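Peer 1: Input: one structure, supplied below.
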Amino acid sequence: MAVEPSALSALPPRKGPRPATTGREIPHDQLEDFSPPEIRAALIARAETLPGVFMTQSQVSEPSSLALRLNKRDRAFEAFLHPSVDEFGHIHRSGFMHLTVPMESLGPLTELGWVEPHPISRRPEFPSSIVMLYAPRDADELEVAATVMQASYEQAVR
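Counting from 10, one number per residue, gives the positions in the sequence shown under the numbering used here.
Encoded structure:
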């Protein structure tokens, strides 16, 4: 299933208030709206079906995060979590994800309430396309998270 970046602006708005995050430079806590275990497991299962993706311990985040990785090649810098050139996202224990997204979808995804820019993206040595995707709380939100993850994957393999 190919996802056009413009399709991300057509996603439904996220219900409820934005989750409170710690405000730390690198947010590793989502203080509310965790994924139920079965939703997180389904998100991981969806990630495992992406062609060429292998999952390991994150090299750029907490060791408990599951990295979405591709074999290293010459790829677009903005599609990966720097300094890695193979990790385009990871899933945290609470179900939220750090991903790179197509730049044209950053504004719409933020306005729809699904993401916030990762604070590290303010540094010039990191891509501006890194976001925190809030943890999916139910099957409908899982579909949104899977769609954004698919768009991130497609950006990474281009």
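The C-beta atom is built at its ideal place from N, Cα and C for all residues, glycine as well.
Predicted model only: the values in this text are computed from it and were never measured.
Could you spell out the range, first to last residue, of the beta strand (DSSP E) harbouring Gln-66?
Peer 2: Start at 1 with the first residue of the sequence shown, and residue 66 comes out as number 57. Its beta strand (DSSP E) spans residues 63-66.
Peer 1: Ends of the beta strand (DSSP E) at Thr-109?
Peer 2: Locating residue 109 in the sequence shown gives position 100, counting from the first residue. Where Thr-109 is concerned, the enclosing beta strand (DSSP E) stretches over 106-109.
Peer 1: By alpha-carbon positions, which one of Pro-111, Val-153, Ser-137 ends up nearest to Glu-163?
Peer 2: Here residue 163 is taken as the residue at index 154 of the sequence shown, counted from 1. Nearest option by C-alpha distance: Pro-111.
Peer 1: Among the residues of its own chain, which have a CB less than 7 Å from the CB of Leu-59, if the five just before and after it don't count?
Peer 2: The residue you call residue 59 lines up with position 50 of the sequence shown. Around Leu-59: Tyr-162.
Peer 1: According to DSSP, simplified to helix, strand and coil, what is Ala-144?
Peer 2: Looking up residue 144 in the sequence shown gives position 135. In this structure, Ala-144 counts as coil in the three-state DSSP scheme.
Peer 1: Do you know whose CA, among Pro-28, Arg-49, Ala-29, Pro-26, lies nearest Ala-154's CA?
Peer 2: Position 145 of the sequence shown, counting from 1, holds the residue named residue 154. The residue with the shortest Cα to Cα distance from Ala-154 is Arg-49.
Peer 1: Which whole-angstrom value is the C-beta distance of Arg-23 and Leu-121, which I expect to be below 8 Å?
Peer 2: As a working note, residue 23 is residue 14 in the sequence shown. As a working note, residue 121 is residue 112 in the sequence shown. Going by Cβ atoms, the distance from Arg-23 to Leu-121 rounds to 6 Å, so yes, they are a contact pair.
Peer 1: How about Ser-138 and Thr-109: are their beta carbons less than 7 Å apart?
Peer 2: Here the question's residue 138 lines up with position 129 in the sequence shown. Here the question's residue 109 lines up with position 100 in the sequence shown. Contact annotation: Ser-138 and Thr-109 have beta-carbon atoms nearer than 7 Å.
Peer 1: When you compare only the Cα positions, how much space is there between Arg-167 and Lys-81?
Peer 2: As a first step, residue 167 must be located in the sequence shown, where it is residue number 158. As a first step, residue 81 must be located in the sequence shown, where it is residue number 72. Using only the alpha carbons, I get a separation of about 13 Å.
Peer 1: Give the straight-line distance between the Cα atoms of Arg-78 and Glu-113, rounded to the nearest whole angstrom.
Peer 2: As a first step, residue 78 must be located in the sequence shown, where it is residue number 69. As a first step, residue 113 must be located in the sequence shown, where it is residue number 104. Arg-78 and Glu-113 have their C-alpha atoms spaced approximately 23 Å apart.
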